[in-house]
Amino acid sequence: MAAPLQIWDMYGRELFNFNTRVARQLGSFSTGTSDGSTYIDAINGPDGWIAVQAIGDYGFARNNAMIARVGGSISWRFIPGHPSPRVGVKVIYGVK
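Each residue of the sequence shown is one higher than the one before, starting from 43 at the first, in my numbering.
Next comes the structure, spelled out in structure tokens:
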């Protein structure tokens, strides 16, 4: 009987199971420093996902983009009037 490769963290939570499908990264983009949105048809569905990565190191007080995903639509905005400069983020997207 074959057994899948499984990986758990120190608390016993499953982190990875080769018996399940592996997610695929399809692309990425930078938000820049203005509010905006984009539509990516490939992630429009229950298997679509996004991850966000900070760009650069600006310390604790920064105005990072806040990201929202609804279907294939990804939007981002910054806190208006925030005293720190706006800092764009990298949005990585894919499907599982």
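For every residue, glycine included, the Cβ atom is placed at its ideal position computed from N, Cα and C.
Residue closest to residue i, alpha-carbon to alpha-carbon, out of the options
{"i": "N106", "options": "G123, G114, V112", "result": "G123"}
{"i": "Y81", "options": "L57, S126, V112", "result": "V112"}
{"i": "Q67", "options": "P125, M108, P127, V94", "result": "V94"}
Supposed contact pair residue j and residue i - C-beta distance, whole angstroms, cut 8 Å
{"i": "I92", "j": "V129", "result": "Going by Cβ atoms, the distance from I92 to V129 rounds to 18 Å, so no, they are not a contact pair."}
{"i": "S72", "j": "I116", "result": "Contact flag wrong, Cβ pair sits at about 12 Å."}
Backbone CA spacing between residue i and residue j [nearest angstrom]
{"i": "T75", "j": "L47", "result": "42 Å"}
{"i": "V137", "j": "S70", "result": "13 Å"}
{"i": "G90", "j": "A110", "result": "13 Å"}
{"i": "K132", "j": "R55", "result": "28 Å"}
{"i": "A65", "j": "Y53", "result": "23 Å"}
{"i": "D83", "j": "G114", "result": "5 Å"}
Counted within 10 angstroms of its Cβ, other Cβ atoms place residue i as buried (16 or more) or exposed
{"i": "W118", "result": "buried"}
{"i": "I85", "result": "buried"}
{"i": "Y135", "result": "buried"}
{"i": "F120", "result": "buried"}
8 Å Cβ cutoff, residue i in contact with chain B
{"i": "I49", "result": "In the displayed structure, chain B is absent; only one protein chain is listed."}
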